[in-house]
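**Student:** This is the structure I have questions about; it appears just below.
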Amino acid sequence: MKLRKIAELVCGELDGDKDIEILGVKQIEEATEGYITFLSNKRYLKKLRLSRASAVIVSDDIDVEIPKIRVKNPYLAFAKILKAFYPEIEVKRGVDKRAVIGNGVKIGEEVAIYPFVYVGDDVEIGDGSVLYPFVSIGNGSKIGNNTIIYSNVSIYHRVFIGKNVIIHSGAVIGSDGFGFVKMDNGTHQKIPQVGFVIIEDDVEIGANVCVDRATMDKTIIKRGTKLDNFIQIAHNVVIGEDSVIAAQTGISGSCRLGKGVTIGGQVGIIDHINIGDNVILIPQAGVMKDIESNRVFAGIPAMDHTLWKKTCSAIPKLPELIRKVRKIEKGLIQMSEDKKSD
Amino acid sequence: MKLRKIAELVCGELDGDKDIEILGVKQIEEATEGYITFLSNKRYLKKLRLSRASAVIVSDDIDVEIPKIRVKNPYLAFAKILKAFYPEIEVKRGVDKRAVIGNGVKIGEEVAIYPFVYVGDDVEIGDGSVLYPFVSIGNGSKIGNNTIIYSNVSIYHRVFIGKNVIIHSGAVIGSDGFGFVKMDNGTHQKIPQVGFVIIEDDVEIGANVCVDRATMDKTIIKRGTKLDNFIQIAHNVVIGEDSVIAAQTGISGSCRLGKGVTIGGQVGIIDHINIGDNVILIPQAGVMKDIESNRVFAGIPAMDHTLWKKTCSAIPKLPELIRKVRKIEKGLIQMSEDKKSD
Amino acid sequence: MKLRKIAELVCGELDGDKDIEILGVKQIEEATEGYITFLSNKRYLKKLRLSRASAVIVSDDIDVEIPKIRVKNPYLAFAKILKAFYPEIEVKRGVDKRAVIGNGVKIGEEVAIYPFVYVGDDVEIGDGSVLYPFVSIGNGSKIGNNTIIYSNVSIYHRVFIGKNVIIHSGAVIGSDGFGFVKMDNGTHQKIPQVGFVIIEDDVEIGANVCVDRATMDKTIIKRGTKLDNFIQIAHNVVIGEDSVIAAQTGISGSCRLGKGVTIGGQVGIIDHINIGDNVILIPQAGVMKDIESNRVFAGIPAMDHTLWKKTCSAIPKLPELIRKVRKIEKGLIQMSEDKKSD
Chain H
162 MKLRKIAELV CGELDGDKDI EILGVKQIEE ATEGYITFLS NKRYLKKLRL
212 SRASAVIVSD DIDVEIPKIR VKNPYLAFAK ILKAFYPEIE VKRGVDKRAV
262 IGNGVKIGEE VAIYPFVYVG DDVEIGDGSV LYPFVSIGNG SKIGNNTIIY
312 SNVSIYHRVF IGKNVIIHSG AVIGSDGFGF VKMDNGTHQK IPQVGFVIIE
362 DDVEIGANVC VDRATMDKTI IKRGTKLDNF IQIAHNVVIG EDSVIAAQTG
412 ISGSCRLGKG VTIGGQVGII DHINIGDNVI LIPQAGVMKD IESNRVFAGI
462 PAMDHTLWKK TCSAIPKLPE LIRKVRKIEK GLIQMSEDKK SD
Chain Y
162 MKLRKIAELV CGELDGDKDI EILGVKQIEE ATEGYITFLS NKRYLKKLRL
212 SRASAVIVSD DIDVEIPKIR VKNPYLAFAK ILKAFYPEIE VKRGVDKRAV
262 IGNGVKIGEE VAIYPFVYVG DDVEIGDGSV LYPFVSIGNG SKIGNNTIIY
312 SNVSIYHRVF IGKNVIIHSG AVIGSDGFGF VKMDNGTHQK IPQVGFVIIE
362 DDVEIGANVC VDRATMDKTI IKRGTKLDNF IQIAHNVVIG EDSVIAAQTG
412 ISGSCRLGKG VTIGGQVGII DHINIGDNVI LIPQAGVMKD IESNRVFAGI
462 PAMDHTLWKK TCSAIPKLPE LIRKVRKIEK GLIQMSEDKK SD
Chain U
162 MKLRKIAELV CGELDGDKDI EILGVKQIEE ATEGYITFLS NKRYLKKLRL
212 SRASAVIVSD DIDVEIPKIR VKNPYLAFAK ILKAFYPEIE VKRGVDKRAV
262 IGNGVKIGEE VAIYPFVYVG DDVEIGDGSV LYPFVSIGNG SKIGNNTIIY
312 SNVSIYHRVF IGKNVIIHSG AVIGSDGFGF VKMDNGTHQK IPQVGFVIIE
362 DDVEIGANVC VDRATMDKTI IKRGTKLDNF IQIAHNVVIG EDSVIAAQTG
412 ISGSCRLGKG VTIGGQVGII DHINIGDNVI LIPQAGVMKD IESNRVFAGI
462 PAMDHTLWKK TCSAIPKLPE LIRKVRKIEK GLIQMSEDKK SD
């Protein structure tokens, strides 16, 4: 692809030889002759100078010899170029005859239903959606348009999934919430989990994620939210729009998260917690209290991020601190004894 | 359903209009006219007064205007009413011809074996059990009566599952324990994992749980224990009766847990630990020593819960404490210098 | 099996009755008459004296009355004997006609492809490999010789797996890396994940593990590394040879781990971290900085193991320490007031 064409693709301003042939895109460290790279952070300018890339996408005018394409967001331009160079993997459209389709199922246009897909009764599948092998969809569930569900995903009954959703392999949507009544004899009686699940448009759900159905009412993941792998979403949780949650995080029953929330990996949130908009949680935090909008929290139990940073550097000093205090105590006892003997 | 009938169902004492028509059950916040709600905790009495529910289930005589049903355990009554209002999802009984059934398999009465189920040789499946699509059962395993196994569950060979068990999608039962011998050249030689797994009656296993088989002998989860999603049960673990374990907890090899144990989410227990009956572990605890019966533990490394609470409120004070001690030290040095100069 | 034959099998030196008939192998606590056991650690010598085992495998000359087989590594001998007593589970060789095989697929000799396996186009499967039911393999992927893939494993397109690999049920290899560009309006634009995955020879991957494909280039797990269940390997991670990682650990994007690394359960490593050879990470550690070779780290944030041990015993003393310092402060104020009044 000519550099000129790439500049058009990313709506960028080209400075340099327009006719260079670009073979692909690579990160700064790996880029060699013929490849375009991108500078998303000025910290890597030094690396860029050492790079053998033939062109670079930048956000500001920087002083490098190779041709530049200037854009507002080089990382976004990178995403666009990747898409251009690597066409999406080919999908076999149609409903394979080795799939099992239940009664009363409505299937849209241009879908791809692979062999060994199981679709229960009264399911709706929107136009252009793709169901890979070993996907199971329970009775009465709905899949919107252009949604991709990878192999071995289990969708229970009454799960309502929007359009442009991506669900990776091994995810489970609509399993029972974890609710029991403790009886006098110590046994646990199951509370029927009769609610449902809503996954709104543009959500991405990572591999082996679990989203439990609500006890009553609904568990809901709102538009544009992205979940990494192994995330636990318990019954009746609400996650706001455009949130991003990293792998192995667990959100307990009935938590309500605002929009634009960012959560690191292995975070835990106990049940019935409210978290405001645009909150950021640092990896491995343990949240046990509500958090207001726009706060950054970290640690177990979670505290303000700046305080947490201080405690992090303080904790390794603790053994030394204990020694110091012991020394001070002895010194004071000595002083008071000296005084008495005076 | 008439309120009178609901009172009968939950064996409760009705105070108010017996003939109100009840449309369903809802939580206090959501309940509207025509719905019954329940008060499990007096803390929510204020909410109840604001609720538009048409009836309420309570444990004590409380002063509200709407009709009341008095029962010993409102939460249990709630579970019963849910069951009455929401009939269980319909199951297609019979052995689907698109399932694969091995040699020497014994299948009980009234089972439901869905399309795309794989049953290995010499397996037994009890009366009334349900195997959803993409369930795989290895050679020689047994499933008791009235057990439900949701889609995409993998059960290896020689796994013995009791009756009234529920296993949610994506769970893996009987995978190899994690055991290797380190060789002189740094490589790791696999130790054959030749043991088996027992899941006793009335156990519930959450989505994407793993229960490894024993190296030798058995891994066992005893009667009535409930596991949430993403729980790791390593080889040779024993979990006692009626225990409840929340999501993302990991229990390492050869741990022995008593009965009635309650474990929060994201807890980790290192290998060969003994935990007594009725122990409670707070979420995110890290257990590195045995714990006696009836104790409540928390923190990393796990300590008594009351001590942990104190350390939790102490840790954020640590940076300030370090400053204080530094100040005291300086003060003391000053004092001792003042003394010398006296 | 005669004891003499067992001694030959493990290349050991037999001291005692060569002709005893051995029925099997058991751990010290469980071993009864007719069984052989092993002593891997002298700590258990006392238990051995109480054991009713008929023979024992030891590394040193110890003073016990029952017949002994002396070997260099009793644990390895144990593994060999287990293998001899418990033959591997029988596998049905051949390509089952109820499997779906894509176009251009190359299948080696003596493979076992079970019913309900889905193999995409242009896949290669090496000699002697086993694919259990509900395994899905994406277009262009390769499986080496004698590799075992258990049921419900999802392998995406362009995943390259070596020989003698074992992948347990529910594992997902090649799902998209977690990468998005945040737009001005708060939404997140997906970055195409166009890289691939390499799993080298002799790797074992636990149940429900996730290995994400690289954004560009590759995610790679090198020869002989063993992963326990529920491990998250993010995009572009490199894990060196002969490493061992315990369950529920998460390794974030672009981390590079050396060879011979040992990681405990529930460890978290943030993105772009470099970890040297033979590093040991204690369970539940949170790594936020690079770690040099041969170090042992623990805690959140991870610190040197010996320091961590000290802080672990210091933390429960913190509430008491705060009280002490408060007392000292009061004492000093009193002293200074006494002085003034002097």
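Protein chains in written order, with the working numbering: chain H, 162 to 503; chain Y, 162 to 503; chain U, 162 to 503.
Backbone N, C-alpha and C define an ideal beta-carbon position, used for all residues, glycine too.
Suppose the cutoff is 8 Å on Cβ atoms and the five residues either side in sequence are ignored; what does the same chain contact list for U:ILE132 look like?
**Tutor:** Residue 132 of chain U falls outside the range modelled here, since chain U spans only 162 to 503, and no answer is possible.
**Student:** Just reading off the alpha helix (DSSP H) that U:TYR236 is part of, what are its end residues?
**Tutor:** Here residue 236 of chain U refers to the residue found at position 75 of the third sequence. Run containing U:TYR236: 235-246, per the alpha helix (DSSP H) assignment.
**Student:** Should H:HIS433 go down as buried or exposed, given a rule of 16 or more other Cβ atoms within 10 Å for buried?
**Tutor:** On the first sequence, residue 433 of chain H is found 272 positions in, with the first residue counted as 1. With fewer than 16 other Cβ atoms within 10 Å, it is exposed.
**Student:** So Y:ILE461 and Y:GLY447 are supposed to be a Cβ contact under 8 Å. How far apart are they, rounded?
**Tutor:** Along the second sequence, one-based indexing puts residue 461 of chain Y at 300. Along the second sequence, one-based indexing puts residue 447 of chain Y at 286. About 4 Å; that satisfies the 8 Å criterion.
**Student:** Keeping to the same chain, check which residues put their C-beta closer than 6 Å to that of U:TYR236; ignore five residues upstream and five downstream.
**Tutor:** Reading the third sequence from its first residue, position 75 is the one you call residue 236 of chain U. So the list reads SER201, once near-sequence residues are dropped.
**Student:** Near Y:GLU174, which residues of its chain fall below 6 Å by C-beta distance, leaving aside the five closest residues on each side in sequence?
**Tutor:** Position 13 of the second sequence, counting from 1, holds the residue named residue 174 of chain Y. Only ARG231 meet the Cβ criterion.
**Student:** Name the chain H residues whose beta carbon is nearer than 7 Å to that of Y:ALA260?
**Tutor:** The residue given as residue 260 of chain Y occupies position 99 in the second sequence. Neighbours of Y:ALA260 on chain H: none; closest Cβ ~11 Å, over 7 Å.
**Student:** Take the Cβ of Y:ASN397 as the centre, count every other Cβ of all protein chains shown within 10 Å, and call the residue buried at 16 or more, exposed below.
**Tutor:** The sequence position of residue 397 of chain Y within the second sequence is 236, counting from 1. With 16 or more Cβ atoms within 10 Å of its Cβ, Y:ASN397 is classed as buried.
**Student:** Output yes if chain U places a C-beta closer than 8 Å to the C-beta of H:HIS329; else output no.
**Tutor:** Counted from its first residue, the first sequence places residue 329 of chain H at position 168. With 8 Å as the cut-off, H:HIS329 counts as an interface residue toward chain U.
**Student:** Quick one: does H:TYR236 have its CB under 8 Å from some CB of chain U?
**Tutor:** On the first sequence, residue 236 of chain H is found 75 positions in, with the first residue counted as 1. Yes, contact with chain U.
**Student:** Got a sec: is the Cβ-Cβ distance from Y:ASN435 to anything in chain H below 8 Å?
**Tutor:** Taking the first residue of the second sequence as position 1, residue 435 of chain Y is located at position 274. By this cut-off, Y:ASN435 is not an interface position.
**Student:** Have a look at Y:SER188 and Y:THR198 and give me their C-alpha separation to the nearest angstrom.
**Tutor:** In the second sequence, the residue the question calls residue 188 of chain Y occupies position 27. In the second sequence, the residue the question calls residue 198 of chain Y occupies position 37. Checking the displayed sequence, the identity of residue 188 of chain Y turns out to be Gln instead of Ser. For Y:GLN188 and Y:THR198, the distance between alpha carbons rounds to 6 Å.
**Student:** Under 8 Å, do U:GLY265 and U:ASP283 count as touching if we go by C-beta distance?
**Tutor:** Sequence index remark: in the third sequence, residue 265 of chain U carries index 104 (1-based). Sequence index remark: in the third sequence, residue 283 of chain U carries index 122 (1-based). Yes, these two residues count as a Cβ contact at 8 Å.
**Student:** Please go through the same chain and pick out, in chain order, the residues whose beta-carbon is closer than 6 Å to the beta-carbon of Y:VAL171, but skip the five residues on each side of it.
**Tutor:** The sequence position of residue 171 of chain Y within the second sequence is 10, counting from 1. Cβ within range, chain order: VAL232, ALA238, LYS241.
**Student:** Can you check whether the C-beta of Y:ASP283 is within less than 8 Å of a C-beta belonging to chain U?
**Tutor:** Here residue 283 of chain Y is taken as the residue at index 122 of the second sequence, counted from 1. Not closer than 8 Å to any Cβ of chain U, the Cβ of Y:ASP283 fails to qualify, so no.
**Student:** Beta carbons nearer than 7 Å to chain H: which residues of the region 444-467 of chain U have them?
**Tutor:** So the close ones are GLY447, ILE461, PRO462, MET464.
**Student:** Can you check whether the C-beta of H:ALA368 is within less than 8 Å of a C-beta belonging to chain U?
**Tutor:** Locating residue 368 of chain H in the first sequence gives position 207, counting from the first residue. Yes, because at least one Cβ of chain U sits closer than 8 Å to the Cβ of H:ALA368.
**Student:** Is there a C-beta anywhere in chain U that falls below 8 Å from the one on Y:MET162?
**Tutor:** Position 1 of the second sequence, counted from the start, is the residue given in the question as residue 162 of chain Y. No, Y:MET162 does not count as interfacial toward chain U.
**Student:** What whole-angstrom Cβ distance do Y:GLY367 and Y:ASN390 have, given they're in contact under 8 Å?
**Tutor:** Here residue 367 of chain Y refers to the residue found at position 206 of the second sequence. Here residue 390 of chain Y refers to the residue found at position 229 of the second sequence. With 8 Å as the limit, Y:GLY367 and Y:ASN390 qualify as a contact, their Cβ atoms being about 4 Å apart.
**Student:** Could you list which residues in chain H have their beta carbon closer than 8 Å to that of Y:VAL405, in chain order?
**Tutor:** Translated into the one-based positions of the second sequence, residue 405 of chain Y becomes position 244. By Cβ distance, chain H contributes PHE341, HIS349.
**Student:** May I have the straight-line CA-CA distance separating U:GLN409 from Y:ASP337, to the nearest angstrom?
**Tutor:** Counting from 1 along the third sequence, the entry for residue 409 of chain U is found at position 248. Counting from 1 along the second sequence, the entry for residue 337 of chain Y is found at position 176. Between U:GLN409 and Y:ASP337, the C-alpha separation is close to 16 Å.
**Student:** With 8 Å as the C-beta to C-beta threshold (strictly closer), list the residues of the region 373-401 of chain H near chain U in chain order.
**Tutor:** Against chain U - using a Cβ distance shorter than 8 Å - the residues of the region 373-401 of chain H are GLY385, LYS387, ASP389, ASN390, PHE391.
**Student:** Do Y:VAL272 and Y:VAL256 come within 8 Å of each other at the CB atom, strictly closer than that value?
**Tutor:** Mapped onto the second sequence, residue 256 of chain Y falls at position 95. Mapped onto the second sequence, residue 272 of chain Y falls at position 111. Against a cut-off of 8 Å, the Cβ pair of Y:VAL272 and Y:VAL256 comes out as a contact.
**Student:** Would H:GLU505 count as contacting chain U if we go by Cβ distances under 8 Å?
**Tutor:** With chain H covering only 162 through 503, there is no way to say anything about residue 505 of chain H.
**Student:** Excluding sequence positions up to five away, which residues of its chain have a Cβ less than 6 Å from the Cβ of Y:TYR293?
**Tutor:** On the second sequence, position 132 is the one that residue 293 of chain Y refers to. TYR275, TYR311, SER312.
**Student:** Do Y:VAL422 and Y:VAL440 count as a contact pair if the criterion is CB distance below 8 Å?
**Tutor:** What you label residue 440 of chain Y is simply residue 279 of the second sequence in a count that begins at 1. What you label residue 422 of chain Y is simply residue 261 of the second sequence in a count that begins at 1. Contact: yes.
**Student:** Within 8 Å (strictly less), CB to CB, does Y:ASN264 reach chain U?
**Tutor:** As a position in the second sequence, residue 264 of chain Y is number 103, starting the count at 1. So no, Y:ASN264 is outside the interface.
**Student:** For a contact meaning CB atoms closer than 7 Å, what does H:CYS371 contact in chain Y?
**Tutor:** As a first step, residue 371 of chain H is located in the first sequence; it is residue number 210 there, counting from the start. Simply ALA368, ASN369, ASN390, PHE391.
**Student:** Note down the Cα distance separating H:CYS416 from U:PHE339, rounded to an integer number of angstroms.
**Tutor:** Taking the first residue of the first sequence as 1, we reach residue 416 of chain H at position 255. Taking the first residue of the third sequence as 1, we reach residue 339 of chain U at position 178. Going from the Cα of H:CYS416 to the Cα of U:PHE339 covers about 24 Å.
**Student:** Please list, in chain order, the residues of the region 298-320 of chain Y that have any C-beta partner in chain H closer than 8 Å.
**Tutor:** Hits within the stretch, in order: TYR311, SER312, ASN313.
**Student:** Is it buried or exposed for Y:ARG484, if we count other Cβ within 10 angstroms and need 16 for buried?
**Tutor:** Position 323 of the second sequence, counting from 1, holds the residue named residue 484 of chain Y. With fewer than 16 Cβ atoms within 10 Å of its Cβ, Y:ARG484 is classed as exposed.
**Student:** Extract the residue ranges of the alpha helix (DSSP H) inside the region 351-435 of chain Y, only unbroken runs of 4 or more that lie entirely within it.
**Tutor:** The region 351-435 of chain Y contains no whole alpha helix (DSSP H) run of 4 or more residues.
**Student:** Out of U:LEU164, U:SER302, U:ILE382, U:VAL355, which one is the CA nearest neighbour of U:THR103?
**Tutor:** Nothing can be reported for residue 103 of chain U, as the shown portion of chain U is limited to 162 through 503.
**Student:** With a CB to CB cut of under 8 Å and the five nearest residues on each side skipped, what residues in its chain are close to U:GLY195?
**Tutor:** Locating residue 195 of chain U in the third sequence gives position 34, counting from the first residue. So the list reads GLU182, ILE183, LEU184, GLY185, SER215, once near-sequence residues are dropped.
**Student:** Is Y:VAL364 closer than 8 Å to Y:GLY335 when the C-beta atoms are compared?
**Tutor:** Counting from 1 along the second sequence, the entry for residue 335 of chain Y is found at position 174. Counting from 1 along the second sequence, the entry for residue 364 of chain Y is found at position 203. Not closer than 8 Å, so no.
**Student:** Residues in its own chain within less than 6 Å of Y:VAL504 by CB, not counting five upstream and five downstream?
**Tutor:** Outside the displayed range of chain Y (162 to 503) lies residue 504 of chain Y, so it cannot be described from this structure.
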